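S.K.:
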Amino acid sequence: MTHAVTARAHTNIALIKYWGKRDAKLILPYTSSVSLTLADLYTDTTVEFDPTLAADTFSLNGEVRPAGKISAFLDLVRAQSGTTAHAHVRSLNHVPTAAGLASSASAFAALALAASRAAGLALTPTDLSRLARRGSGSASRSIFGGLAIWHRGSDDTTSFAEPLPATTLPLKMVVVLVDQGRKAISSRQMMTATIATSPYFPAWVQHNEAAAEKMVRALAANDFAQVGALTEASSMQMHAAIMASEPSFTYFEPETLVAWQKVQALRASGVPAYATMDAGPNVKILTLAPYVDAVVTALADSFAGRLLTTGPGPAARILKEASD
Ligand code: ADP
Ligand code: DP6
Ligand code: CO
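Here the sequence shown is numbered in the UniProt record's numbering, starting from 1 and rising by one per residue.
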């Protein structure tokens, strides 16, 4: 008899970014990070352990893919649960893959939940977050809905995410789909290069850890101007550290700057809107519900049909469990 479990986890966009691992094997970050889990971008993953299987299998959006990274992750679940069986893993991304829209966050949060449950474990949210972290750092935050903080911690036990108190700010995010193609250099690779070669990396670490603390205070105070300013600064400072790597590199495309400049112009005209970019060319605009129409209107001439408005999304959850 086998047991198939399907879990859904939503992507999250960091307001205060994670960029750089102190410990690459355990995925312990240099700094804490703060994020917003999104309602409309998510991953559904089904895991089915089967003692008759000779190896793990993996498909993404219906296409069979190499299972290497998935198997390494399942090994952690097998070690925790005592299961030795291999598994079928089937995943569907309702988010562009590897485009800087945090597919690795929703992917490994969904996999952590589905695989642990399928292996008979009932992990606490903290332990789920620690497990998801081992697949992709940003996934630690996608276990939770809404706003979350990933405490950098000092070891495997103390590095996990948790929800932040709900804010009364009606937060919204307008996603500008500049380019949905796969990034040239993965987040993981570019983080390593930034640490190894960017003279700005130490400054980034020092500044960003303090920014995470300021962000928690700004959210608690419902101070959107401060939340927005910290959001834009963390993103641009991360990209500055990336650009300063040798050889030089940037995730920006020409249209990234087009969107970014429109956000600056919107703000100059009194609309509270702030831009944030991850390891990819797409721009996410943080704003408040009453200003969504103004933001969408301002971006529509350049990005018609490429705008997605979303807001805070729910925690990772089980969609289906079936035995046969
Ligand atoms: P992103 O900006 O999308 O998070 P990353 O470079 O961080 O980009 O991670 C992309 C990688 O995450 C993919 O190459 C793949 O290895 C993994 N990934 C994405 N979606 C899934 C999924 N649904 N299941 C398993 N792994 C996934
Ligand atoms: C720019 O979590 O994708 O989106 O831990 O190597 O899997 P790995 O990297 P990943 O990096 C995310 C980087 C970021 C910022 C963030 O989400 O905090
Ligand atoms: Co990622």
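For every residue, glycine included, the Cβ atom is placed at its ideal position computed from N, Cα and C.
Bear in mind the structure is a predicted one, so any value in this text is a computation, not a measurement.
Tell me where the alpha helix (DSSP H) around residue 204 begins and ends.
M.R.: As a working mapping, residue 204 is identified with position 204 in the sequence shown. Run containing residue 204: 201-220, per the alpha helix (DSSP H) assignment.
S.K.: Going by C-alpha distance, which of 321, 153, 247 is nearest residue 18?
M.R.: Sequence index remark: in the sequence shown, residue 18 carries index 18 (1-based). Closest option to residue 18, Cα to Cα, is 153.
S.K.: Should residue 140 be counted as a contact of ligand 3 given a C-beta to heavy atom distance under 8 Å?
M.R.: Your numbering for residue 140 matches position 140 in the sequence shown. No, since every heavy atom of ligand 3 falls outside the 8 Å radius drawn around the Cβ of residue 140.
S.K.: Touching or not, the stretch 107-118 and the stretch 36-49, by the rule of three or more beta carbon pairs under 8 Å?
M.R.: Flag = yes, the stretch 107-118 and the stretch 36-49 touch.
S.K.: Nearest-angstrom Cα distance between residue 252 and residue 85?
M.R.: The residue labelled residue 252 in the question sits at position 252 within the sequence shown. The residue labelled residue 85 in the question sits at position 85 within the sequence shown. Spanning the two alpha carbons is a distance of roughly 43 Å.
S.K.: If contact is defined by three or more beta carbon pairs under 8 Å, each pair taking one atom from either stretch, is the stretch 128-146 in contact with the stretch 289-308?
M.R.: Flag = no, the stretch 289-308 and the stretch 128-146 do not touch.
S.K.: Any contact of the stretch 314-324 with the stretch 223-233, i.e. 3+ C-beta pairs under 8 Å?
M.R.: No, the stretch 314-324 is not in contact with the stretch 223-233.
S.K.: Would you mind stating whether residue 42 and residue 3 have Cβ atoms separated by less than 9 Å?
M.R.: Residue numbering aside, residue 42 sits at position 42 when the sequence shown is read from its first letter. Residue numbering aside, residue 3 sits at position 3 when the sequence shown is read from its first letter. It is not a contact, given that the beta carbons lie outside the stated cut-off.
S.K.: Nearer than 8 Å: is that true of the beta carbon of residue 21 relative to any heavy atom of ligand 5?
M.R.: Ligand 5 is absent from the structure shown, which contains only ligand 1, ligand 2 and ligand 3.
S.K.: Verify whether the separation of the beta carbon atoms of residue 327 and residue 108 is less than 9 Å.
M.R.: Only positions 1 to 324 of the chain appear in the structure, and residue 327 is not among them; the question remains open.
S.K.: Measuring straight from C-alpha to C-alpha, what distance separates residue 276 and residue 1?
M.R.: Taking the sequence shown and counting its residues from 1, one reaches residue 276 at position 276. Taking the sequence shown and counting its residues from 1, one reaches residue 1 at position 1. Looking at the two C-alpha atoms, the distance is approximately 47 Å.
S.K.: Does DSSP classify residue 39 as helix, strand or coil?
M.R.: Within the sequence shown, numbered from 1, the residue matching residue 39 stands at position 39. Residue state, collapsed to three classes: strand.
S.K.: Would you say the beta carbon of residue 235 comes nearer than 8 Å to a heavy atom of ligand 3?
M.R.: In the sequence shown, counting from the first residue as 1, residue 235 sits at position 235. No, ligand 3 has no heavy atom inside 8 Å of this Cβ.
S.K.: Could you tell me the boundaries of the beta strand (DSSP E) in which residue 125 lies?
M.R.: Within the sequence shown, numbered from 1, the residue matching residue 125 stands at position 125. Segment 125-135 is the alpha helix (DSSP H) holding residue 125; no beta strand (DSSP E) there.
S.K.: Please confirm if the stretch 182-189 is in contact with the stretch 256-275, defined as three or more CB-CB distances below 8 Å between the two stretches.
M.R.: Contact between the stretch 182-189 and the stretch 256-275 is absent, because fewer than three Cβ pairs lie under 8 Å.
S.K.: Could you tell me which of 314, 197, 87, 24 sits nearest to residue 247, measuring between CA atoms?
M.R.: The residue labelled residue 247 in the question sits at position 247 within the sequence shown. Answer by Cα proximity: 197.
S.K.: What are the boundary residues of the alpha helix (DSSP H) that residue 268 is part of?
M.R.: In the sequence shown, residue 268 corresponds to position 268, counting from 1. Residues 254-268.
S.K.: Express the C-alpha separation of residue 167 and residue 123 in angstroms, rounding to a whole number.
M.R.: Sequence index remark: in the sequence shown, residue 123 carries index 123 (1-based). Sequence index remark: in the sequence shown, residue 167 carries index 167 (1-based). Cα to Cα, residue 123 sits roughly 27 Å from residue 167.
S.K.: Name all residues in chain order for which at least one heavy atom of ligand 3 lies closer than 5 Å to the residue's CB.
M.R.: Result: 104, 187.
S.K.: Buried or exposed: where does residue 254 fall if 16 or more other Cβ atoms within 10 Å of its Cβ makes it buried?
M.R.: For the purposes of this step, residue 254 is taken as the residue at position 254 of the sequence shown. Label assigned to residue 254: exposed.
S.K.: What's the gap between the Cα of residue 12 and the Cα of residue 70?
M.R.: Taking the sequence shown and counting its residues from 1, one reaches residue 12 at position 12. Taking the sequence shown and counting its residues from 1, one reaches residue 70 at position 70. Answer to the nearest angstrom: the Cα atoms are 20 Å apart.
S.K.: Does the stretch 280-292 come close enough to the stretch 160-175 that 3 or more CB-CB pairs lie under 8 Å?
M.R.: Yes, the stretch 160-175 is in contact with the stretch 280-292.
S.K.: Relative to the alpha-carbon of residue 53, which residue among 28, 111, 296, 87 has its alpha-carbon at the smallest distance?
M.R.: Numbered from its first residue, the sequence shown carries residue 53 at position 53. Among 28, 111, 296, 87, the Cα nearest to that of residue 53 belongs to 87.
S.K.: Starting from residue 94, trace the beta strand (DSSP E) both ways and give me its first and last residue.
M.R.: Looking up residue 94 in the sequence shown gives position 94. Residue 94 -> beta strand (DSSP E) spans 86-94.
S.K.: Given 8 Å as the limit, tell me if residue 185 has its C-beta closer than that to any heavy atom belonging to ligand 2.
M.R.: For the purposes of this step, residue 185 is taken as residue 185 along the sequence shown, with counting starting at 1. Incorrect: residue 185 has no Cβ contact closer than 8 Å to ligand 2.
S.K.: Starting from residue 321, trace the beta strand (DSSP E) in both directions and tell me its first and last residue.
M.R.: Here residue 321 corresponds to residue number 321 of the sequence shown, with the count starting at 1. Run containing residue 321: 317-323, per the beta strand (DSSP E) assignment.
S.K.: Is any heavy atom in ligand 2 found nearer than 8 Å to the beta carbon of residue 102?
M.R.: Along the sequence shown, read from residue 1 onward, the residue named residue 102 stands at position 102. Yes, since a heavy atom of ligand 2 falls inside the 8 Å radius drawn around the Cβ of residue 102.
S.K.: Among 249, 312, 283, which one has its Cα closest to the Cα of residue 191?
M.R.: As a working note, residue 191 is residue 191 in the sequence shown. Ranking 249, 312, 283 by Cα distance to residue 191 puts 249 first.
S.K.: Looking at the strands, I want to know which residues DSSP matches up with residue 70.
M.R.: Residue 70 sits at position 70 when you count from the first residue of the sequence shown. For residue 70, which the question treats as bridged, DSSP gives no partner whatsoever.
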